[in-house]
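Asker: Let me give you the structure first, and then I'll get to my questions.
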Amino acid sequence: MVRAVVGANWGDEGKGKITDMLAEQADIVIRFQGGANAGHTIVNEYGKFALHTLPSGVFHQNIMNIIGNGVALDVEKVVAEIKSLTDRNVPAPHLMISNRAQVVMPYHVLFDQYEEERLGKASFGSTKSGIAPFYSDKYAKIGFQVSELFDDDILKDKLDHVLVQKNTLLKYLYKKPEIDPEEMMKTLHEYRDLIAPYVGDVSAYLYQAIKDGKTILLEGQLGTMKDPDHGIYPMVTSSSTLAAYGAIGAGIPPYEIKDIVAVTKAYSSAVGGGDFVSEILDEQKADELRRRGGDGGEYGATTGRPRRMGWYDCVASKYGCRLQGATEAALTVLDVLGYLDEIPVCTGYEIDGKVTTDFPVTALLNKAKPVYETLPGWKCDIRGIKKYEDLPENCRKYIEFIEKHIECPITMVSNGPAREDIILRK
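Residue numbers (our numbering): 182 to 607.
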């Protein structure tokens with residue numbers, strides 16, 4: 182059985198914890214898109230970790246963790262991430278890297294930085310991890326597949342060809358030093374040697390695993406609002422964040438995905454630019470929620486940037502669950518809201534004097550004003566509660582109100598950062 186765990190919103194929904202928890206019943210966990218530009222935070226018996234490329238199953242010794250062909254593979258970061266685990270007494274994970282994955286080149290990171298500098302105030306708020314230049318090259322057919330690292334003739338010819346373009350841009354557009362082909366070739370040889378023990382034919386491996394009845398988890402990065410087709414374009418990422426892309430980014434048939442868990446926070450948060458209708462504009466209120474949020478506050482797992490804070494957005498979440506094809510939803514960090522007397526929930530957008538519950542295109546999103554309903558808070562700490570019926574009445578009403586508006590069953594409620602802080606409603 183194949184199950185996908187994806188984000189319903191802007192990312193930072195708590196997918197890492199949900200994947201880590203569900204991995205206990207899985208045989209294989211796959212990252213199928215994105216790169217090291219976002220992180221999944223996990224708290225377990227080993228401590229607190231922010232994973233950036235490694236799948237969230239790496240803390241389980243019974244699991245094969247896979248980096249799929251759809252991932253932007255930053256070799257140095259992946260290797261450093263493995264070391265960061267073993268340095269903290271986590272057993273070395275079982276890992277396979279697709280031979281069809283493509284490599285984030287050092288110049289991708291440079292071009293990301295240089296372009297953000299050039300754009301200035303018009304920049305996209307990139308994490309400067311090289312993601313947009315990487316995917317640009319992938320679809321311009323000048324990227325480097327992992328398999329190509331093991332063929333020097335192909336590698337040299339391709340590198341010479343690509344660097345003509347890159348050095349022209351560096352010299353004339355960015356006024357930066359050019360890239361030395363011999364030095365770049367040495368770097369690629371280092372990359373080859375670092376990942377050689379992990380490289381495999383992932384799609385063939387998964388084909389057999391599905392035949393054998395293995396349980397497979399697809400792990401997405403970011404969320405629906407950051408999808409380049411269906412998100413808040415152009416303030417999006419460069420690979421599809423939808424569960425449907427999991428089939429492509431892992432190399433499996435789409436009909437094998439039987440269950441899709443859309444993860445959504447009990448309030449809203451976002452890193453970077455773009456329209457954010459339910460954003461809390463009172464900075465004092467926003468900062469209090471930010472400081473209380475998550476485990477140690479709402480700050481980007483990759484950048485450390487303070488996240489923009491908002492009230493729960495039913496319009497965005499209903500849309501997010503629909504686009505993901507969610508069969509169920511997980512509601513996270515509910516415990517954080519226990520300090521509030523009242524909790525606003527965005528149930529509609531007012532655009533040009535009309536209220537809608539359908540998420541609009543970006544041009545109309547710019548005009549949207551939130552329509553709120555206010556629910557009573559529960560004013561107590563709900564951590565440690567294991568049964569849904571033991572939650573305070575107002576807390577249950579809050580969950581059920583959201584469930585009704587997003588039109589997706591909430592089957593999991595997270596009421597703390599640890600793996601065991603979960604209430605199952607099935």
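The C-beta atom is built at its ideal place from N, Cα and C for all residues, glycine as well. As the structure is a prediction and not an experimental result, all values here were calculated from the model.
Taking T267 as the reference, give the member of A451, G249 and Y227 with the closest Cα.
Answerer: With distances taken between Cα atoms, T267 lies closest to Y227.
Asker: Please report the distance separating the alpha-carbon of D318 from that of V256.
Answerer: If I take the Cα positions, the gap works out to 17 Å.
Asker: Thinking just about the alpha-carbon of each residue, which of P557, G474, E469 and S450 is nearest to the one in G188?
Answerer: Of the candidates P557, G474, E469 and S450, the one whose C-alpha sits nearest the C-alpha of G188 is S450.
Asker: Just verifying my parser: in three-state terms, what is the DSSP assignment at S310?
Answerer: The answer is coil: DSSP assigns S310 none of H, G, I, E or B.
Asker: With distances taken Cα to Cα, identify the nearest neighbour of S419 among D293, E194, E205 and Y379.
Answerer: The shortest Cα separation from S419 among D293, E194, E205 and Y379 belongs to D293.
Asker: Count the other CB atoms within 10 Å of the CB of F325; is the residue buried (16 or more) or exposed (fewer)?
Answerer: Label assigned to F325: buried.
Asker: Check whether the stretch 425-439 touches the stretch 374-392, taking contact to mean three or more Cβ pairs, one atom from each stretch, closer than 8 Å.
Answerer: Contact between the stretch 425-439 and the stretch 374-392 is present, because at least three Cβ pairs lie under 8 Å.
Asker: By Cβ distance below 7 Å, which residues in the same chain neighbour Y379 in space, the five residues on each side in sequence not counted?
Answerer: Excluding sequence neighbours, Y379 sits near L276, M277 and I278.
Asker: Please confirm whether I209 and M245 have their CB atoms less than 8 Å apart.
Answerer: Against a cut-off of 8 Å, the Cβ pair of M245 and I209 comes out as a contact.
Asker: I'd like the span of the beta strand (DSSP E) that includes K258, first residue to last.
Answerer: Looking at the DSSP string, K258 is not in any beta strand (DSSP E); the run it does join, the alpha helix (DSSP H), is V256 to T267.
Asker: On a CA-only basis, which of H370, T349 and L354 is nearest I644? Give me that one, please.
Answerer: Nothing can be reported for residue 644: it is not among the residues displayed for the chain, which extend from 182 to 607.
Asker: Starting from the C-beta of F457, find all residues in its chain whose C-beta is less than 7 Å away, skip the five residues before and the five after it, and write them out in chain order.
Answerer: Here the set comprises A451, R489 and G491.
Asker: By how many angstroms is the C-alpha of D393 removed from the C-alpha of A511?
Answerer: Their Cα atoms are separated by approximately 28 Å.
Asker: Helix, strand or coil for V542? Go by DSSP, reduced to three states.
Answerer: Of the three classes helix, strand and coil, the one that applies to V542 here is coil, per DSSP.
Asker: Determine whether the beta carbon atoms of V186 and L203 lie at a separation below 8 Å.
Answerer: For V186 and L203, yes; Cβs fall inside 8 Å.
Asker: Do A282 and I248 have their C-beta atoms within less than 8 Å of each other?
Answerer: Yes, the pair counts as a contact, with Cβ atoms nearer than the cut-off.
Asker: Between which two residues does the beta strand (DSSP E) harbouring T234 extend?
Answerer: From DSSP, T234 is part of no beta strand (DSSP E); its letter is neither H nor E.
Asker: Please classify P236: is it buried, with 16 or more other beta-carbons within 10 angstroms of its beta-carbon, or exposed?
Answerer: The residue in question, P236, is buried, as its Cβ has 16 or more Cβ neighbours within 10 Å.
Asker: For a minimum of 4 consecutive residues, which ranges assigned as the alpha helix (DSSP H) are wholly contained in the stretch 477-535?
Answerer: Segments of the alpha helix (DSSP H) lying fully in the stretch 477-535: 495-505.
Asker: Only counting the same chain, and skipping five residues up and downstream in sequence, which positions put a Cβ closer than 7 Å to that of E508?
Answerer: The displayed chain sequence assigns Thr, not Glu, to residue 508. So the qualifying residues of the chain are D440 and I441.
Asker: Give the straight-line distance between the Cα atoms of M366 and Y569, rounded to the nearest whole angstrom.
Answerer: If you take the alpha carbons of M366 and Y569, they lie about 57 Å apart.
Asker: Excluding the five sequence neighbours on either side, which residues of its own chain have a C-beta within less than 7 Å of the C-beta of Y295, listed in chain order?
Answerer: Within the same chain, Y295 has close Cβ partners Y355 and K357.
Asker: Give the single residue among I413, G311, V285 and A599 whose Cα lies nearest to the Cα of L545.
Answerer: Of the listed residues, the one whose Cα sits closest to L545 is I413.
Asker: Quick check on E298: buried or exposed, where buried means 16 or more other Cβ atoms within 10 Å of its Cβ?
Answerer: Exposed: under 16 other Cβ atoms inside 10 Å.
Asker: Once the 5 residues before and after Y623 are set aside, which same chain residues still bring their CB inside 6 Å of it?
Answerer: No answer is possible for residue 623: it lies beyond the span of the chain, which begins at 182 and ends at 607.
Asker: Which residue comes first and which comes last in the alpha helix (DSSP H) that contains H586?
Answerer: H586 -> alpha helix (DSSP H) spans E574 to I587.
Asker: For L369 and V290, I'd like the C-alpha separation in whole angstroms.
Answerer: L369 and V290: Cα-Cα distance of roughly 15 Å.
Asker: Identify which residue in N190, I211, I429 and S421 has its Cα closest to the Cα of I312.
Answerer: When each option's Cα is compared against that of I312, the closest is S421.
Asker: Pop quiz: L423 and Q346 are said to be a contact at Cβ under 8 Å. What is the actual Cβ separation, rounded to whole angstroms?
Answerer: That pair is no contact at about 31 Å.
Asker: On the DSSP bridge assignment, give the partners of A424 in chain order.
Answerer: Paired residues: none, contrary to the question.
Asker: Quick one: grab the DSSP three-state call for S317.
Answerer: Helix, per DSSP.
Asker: Specify the secondary structure class of Q326 as computed by DSSP and reduced to three states.
Answerer: In the structure shown, Q326 sits in a strand (DSSP, three-state: E or B).
Asker: Short check: CB of V285 to CB of F331, under 8 Å?
Answerer: For V285 and F331, no; Cβs fall outside 8 Å.
Asker: Around the Cβ of C561, are there at least 16 other Cβ atoms within 10 angstroms (buried) or fewer (exposed)?
Answerer: With fewer than 16 other Cβ atoms within 10 Å, it is exposed.
Asker: Helix, strand or coil: which one does DSSP assign to R471?
Answerer: If DSSP states are grouped into helix, strand and coil, R471 belongs with the helices.
Asker: For V380, list the residues DSSP reports as bridge partners.
Answerer: Answer is I278, bridged to V380.
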